[in-house]
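J.:
There are 2 protein chains.
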Amino acid sequence: MKLYNMELSGNCYKVRLLCALLGLTYESTPVDLLRGEHKTAAFLQLNPRGQLPVLDDEGTIIWDSSAILLYLARRYGGERWLPLDAKAMAEVMQWLSLSQNEILYGLARARAVKKLGRPWDIEQCQMLGKQGLTVLEQRLSGHFWLAGEQATIADIACYPYAALAPEGGVDLEPYPSVRAWLKRVADLPGYIAMPGIGEQACG
Amino acid sequence: MKLYNMELSGNCYKVRLLCALLGLTYESTPVDLLRGEHKTAAFLQLNPRGQLPVLDDEGTIIWDSSAILLYLARRYGGERWLPLDAKAMAEVMQWLSLSQNEILYGLARARAVKKLGRPWDIEQCQMLGKQGLTVLEQRLSGHFWLAGEQATIADIACYPYAALAPEGGVDLEPYPSVRAWLKRVADLPGYIAMPGIGEQACG
Numbered sequence: 000m001k002l003y004n005m006e007l008s009g010n011c012y013k014v015r016l017l018c019a020l021l022g023l024t025y026e027s028t029p030v031d032l033l034r035g036e037h038k039t040a041a042f043l044q045l046n047p048r049g050q051l052p053v054l055d056d057e058g059t060i061i062w063d064s065s066a067i068l069l070y071l072a073r074r075y076g077g078e079r080w081l082p083l084d085a086k087a088m089a090e091v092m093q094w095l096s097l098s099q100n101e102i103l104y105g106l107a108r109a110r111a112v113k114k115l116g117r118p119w120d121i122e123q124c125q126m127l128g129k130q131g132l133t134v135l136e137q138r139l140s141g142h143f144w145l146a147g148e149q150a151t152i153a154d155i156a157c158y159p160y161a162a163l164a165p166e167g168g169v170d171l172e173p174y175p176s177v178r179a180w181l182k183r184v185a186d187l188p189g190y191i192a193m194p195g196i197g198e199q200a201c202g
Numbered sequence: 000m001k002l003y004n005m006e007l008s009g010n011c012y013k014v015r016l017l018c019a020l021l022g023l024t025y026e027s028t029p030v031d032l033l034r035g036e037h038k039t040a041a042f043l044q045l046n047p048r049g050q051l052p053v054l055d056d057e058g059t060i061i062w063d064s065s066a067i068l069l070y071l072a073r074r075y076g077g078e079r080w081l082p083l084d085a086k087a088m089a090e091v092m093q094w095l096s097l098s099q100n101e102i103l104y105g106l107a108r109a110r111a112v113k114k115l116g117r118p119w120d121i122e123q124c125q126m127l128g129k130q131g132l133t134v135l136e137q138r139l140s141g142h143f144w145l146a147g148e149q150a151t152i153a154d155i156a157c158y159p160y161a162a163l164a165p166e167g168g169v170d171l172e173p174y175p176s177v178r179a180w181l182k183r184v185a186d187l188p189g190y191i192a193m194p195g196i197g198e199q200a201c202g
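Quick note, the sequences are listed as chains A and B, same order.
Those letters in the first sequence? Residues 0 to 202, by numbering that gives the first Met the number 0.
Those letters in the second sequence? Residues 0 to 202, by numbering that gives the first Met the number 0.
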């Protein structure tokens, strides 16, 4: 299995984290977004969106972090990380959508403005990100995990950019249940961290 | 089954369309976004994000259009609209993600700027939307459907705001394979349209 990967990408980290939790090993192929390596013709053959991560599992190519999480969970995780019951699976999907909306266009973009100088309106991004955190807080004030009663790919999908929110100028102090959940994720057996996610973000 | 619904919402239309294709009937409960009915305390109890659509299936509440599509396909559609094989399901997920990213934050937002006066940068939205259409075009130039060899919820998720792109000032003329696919969707048995999707958008 090969992962087209960048260390500082929260979307790539989702995949690295699930692999670690599943005990899967892979070859990491670094792609340097800052040098435009994701826009080369060769890379666009793999992923027409020109984004990371991309997974190559013995010739099965999957792009998009949510799709890769779903693929790995379904292929290697039984129903542990993705239940197949209609209601339970749809509840996981709700949070995958939040991770692609409020969290990606809010928290991840605010971080990209701050760290990479991207041209988005940081106040709009931060506001959207806080809306996402509020939804997470509401769920997590009454539950340990986002979907169902154990960790699923819903948690893996939402975790990185929630934990990295302070790098986008969004303080996690008003979200105590989110902070407790970040700690629970970090306590999962096999958990690995990424740069920027540490004591300060999780504590 | 009850659908919290708004006629002019492309996200609600995704659900109406899949219900029509599956032959499912439901009670439609109109929620007027323009009058802020999605931000009342009662509605936020149903959906903490304060968005449409929301499905109530005998007390099972599902919010988020992608999650509702997945729920209905899984519960009422066998594997016809959502295959369970890891690779096939992940391929469907790739396009659900595109529908929540380039298509929603690009094409749907450009339409919301034009039709509802929302405060987003329309040029950024249109550019992102065109990136999404380019990815669709590339896939559809060699395949009839987005994932696998028959229509799935991937097509249902991407269809509405692709068909409505002209309402956001994005011309579909440069995307002949997308236009042919719009026609194929409109030819599915049981298909229903929505306001703004007609001969011009599909032709």
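Even for Gly, the Cβ is constructed at its ideal location relative to N, Cα and C.
How would you list, in chain order, the residues of chain A whose beta-carbon sits under 7 Å from the beta-carbon of residue 62 of chain B?
T.: In chain order: 93.
J.: So which residues of chain A does residue 104 of chain B contact, with C-beta pairs closer than 7 Å?
T.: 104
J.: Give, in chain order, every residue of the stretch 40 to 51 of chain A whose Cβ lies closer than 7 Å to some Cβ of chain B.
T.: 47 and 48
J.: Okay, do the stretch 54 to 70 of chain B and the stretch 148 to 163 of chain B touch, 3+ Cβ pairs below 8 Å being the bar?
T.: yes
J.: Counting along the chain, where does the alpha helix (DSSP H) carrying residue 55 of chain A start and finish?
T.: No alpha helix (DSSP H) holds residue 55 of chain A; the beta strand (DSSP E) holding it covers 53 to 56.
J.: Can the beta-carbon of residue 51 of chain B be found closer than 8 Å to that of residue 5 of chain B?
T.: yes
J.: Tell me, please, whether the CB atom of residue 15 of chain B is closer than 8 Å to any CB atom in chain A?
T.: Judged by the 8 Å Cβ criterion, residue 15 of chain B is not in contact with chain A.
J.: Just tell me which of B:3, B:2 and B:12 has its CA closest to the CA of residue 193 of chain B.
T.: Distance check between residue 193 of chain B and each of B:3, B:2 and B:12 places B:12 closest, using alpha-carbon atoms only.
J.: At the level of alpha carbons, what is the spacing between residue 195 of chain A and residue 77 of chain A?
T.: 31 Å
J.: With a threshold of 8 Å between beta carbons, is residue 70 of chain A in contact with chain B?
T.: yes
J.: With respect to the alpha helix (DSSP H) encompassing residue 113 of chain B, which residues constitute its N-terminal and C-terminal limits?
T.: 108 to 115
J.: Using a Cβ cut-off of 8 Å (strictly closer), state whether residue 99 of chain A contacts chain B.
T.: Yes, residue 99 of chain A counts as interfacial toward chain B.
J.: On the premise that residue 68 of chain A lies in contact with residue 101 of chain A, defined as a C-beta separation below 8 Å, what is that separation, rounded to the nearest angstrom?
T.: Contact flag wrong, Cβ pair sits at about 18 Å.
J.: Go ahead and pull the three-state DSSP assignment for residue 191 of chain B.
T.: Reduced to three states, the DSSP call for residue 191 of chain B is coil.
J.: What residues in the stretch 102 to 129 of chain A have a beta carbon less than 7 Å from any beta carbon of chain B?
T.: 104
J.: Assign residue 133 of chain B to one of three DSSP states: helix, strand, or coil.
T.: It is helical.
J.: Can you give me the C-alpha to C-alpha distance between residue 20 of chain B and residue 2 of chain B, rounded to a whole angstrom?
T.: 16 Å
J.: Kindly say whether residue 83 of chain A, judged by its beta-carbon, lies nearer than 8 Å to any beta-carbon of chain B.
T.: yes
J.: Checking 8 Å against the spacing of the C-beta atoms, do residue 146 of chain A and residue 180 of chain A come in under that value?
T.: Taking 8 Å as the Cβ cut-off, residue 146 of chain A and residue 180 of chain A do not qualify as a contacting pair.
J.: Buried or exposed: residue 148 of chain B, going by 16 or more other Cβ atoms within 10 Å of its Cβ?
T.: exposed
J.: Quick one: any contact between the stretch 184 to 191 of chain B and the stretch 18 to 34 of chain B, if contact means 3 or more CB pairs under 8 Å?
T.: yes
J.: Assuming contact is defined by CB atoms lying nearer than 8 Å, are residue 9 of chain B and residue 135 of chain B in contact in what I supplied?
T.: no
J.: Please report how far the alpha carbon of residue 92 of chain A lies from the alpha carbon of residue 30 of chain A, in whole angstroms.
T.: 28 Å
J.: If we cut at 8 Å on Cβ distances, does residue 176 of chain A have a partner in chain B?
T.: no
J.: Which class does residue 101 of chain B belong to by DSSP, given the choice of helix, strand or coil?
T.: DSSP places residue 101 of chain B in the helix class (H, G or I) of the three-state scheme.
J.: Closest Cβ-Cβ distance between residue 1 of chain B and chain A: below 8 Å?
T.: Not one chain A Cβ lies under 8 Å of residue 1 of chain B.
J.: Reducing DSSP to helix, strand and coil, say where residue 160 of chain A ends up.
T.: helix
J.: Name the one or two DSSP bridge partners that residue 26 of chain A has.
T.: A:1
J.: Can you tell me whether residue 125 of chain A is buried or exposed, with buried defined as 16 or more other CB within 10 angstroms of its CB?
T.: buried
J.: Measure the C-alpha to C-alpha separation of residue 116 of chain B and residue 33 of chain B and round it to an integer number of angstroms.
T.: When rounded, the distance between both Cα atoms is 11 Å.
J.: Please name the residue or residues paired with residue 94 of chain A in a DSSP beta bridge.
T.: According to DSSP, which records beta bridges pairwise, residue 94 of chain A is partnered with nothing at all.
J.: Spatial neighbours of residue 56 of chain B within its chain, please: C-beta separation below 6 Å, excluding the five flanking residues on both sides.
T.: 0
J.: What is the residue span of the beta strand (DSSP E) that residue 61 of chain A lies within?
T.: Element bounds for residue 61 of chain A: 59 to 62.
J.: Tell me the residue span of the alpha helix (DSSP H) that contains residue 42 of chain A.
T.: 40 to 45
J.: Shorter than 8 Å from the beta carbon of residue 149 of chain B to some beta carbon of chain A?
T.: So, not an interface residue.
J.: Where does residue 129 of chain A land, buried or exposed, given buried means 16+ other C-beta within 10 angstroms?
T.: buried
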